[in-house]
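Start counting the sequence shown at 199; every next residue gets the next number (our numbering). C-beta: ideal position from N, C-alpha, C; glycine also. Source: prediction; values computed, not measured.
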Amino acid sequence: MGEPLRTDKMSITVPADVAAELRARAGHGNVSAYVTHALTRQLEHDRLGDLLMELEEVHGPVTDEELAAAHAEWPQA
Numbered sequence: 199m200g201e202p203l204r205t206d207k208m209s210i211t212v213p214a215d216v217a218a219e220l221r222a223r224a225g226h227g228n229v230s231a232y233v234t235h236a237l238t239r240q241l242e243h244d245r246l247g248d249l250l251m252e253l254e255e256v257h258g259p260v261t262d263e264e265l266a267a268a269h270a271e272w273p274q275a
């Protein structure tokens, strides 16, 4: 077996209506897992944004022509 996952206990403040919906969606005892999943997704999104900014700094912005070519290659739903 691997090492147990290290965790940090945090306290957050959210609007009451958000907290109520969170509890309803997450179910009793699963709020931490739900919030952890949401935060993980947001952090991934933020890191992708960082990467896009870095790529733009190195290679310049994506041109309209490059964007059109990419759309042409992408499968249509």
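For the candidate residues the options, whose alpha-carbon lies nearest to that of residue i?
i	options	result
ILE210	GLY258, VAL256, THR234, LEU250	THR234
Put residue i into one of helix, strand or coil per three-state DSSP.
i	result
GLY247	helix
ASP206	coil
THR261	coil
GLU201	coil
HIS269	helix
THR238	helix
VAL233	helix
VAL212	coil
I'd like to check one pair, residue j with residue i: are the Cβ atoms closer than 8 Å?
i	j	result
ARG223	TYR232	yes
ARG221	VAL229	yes
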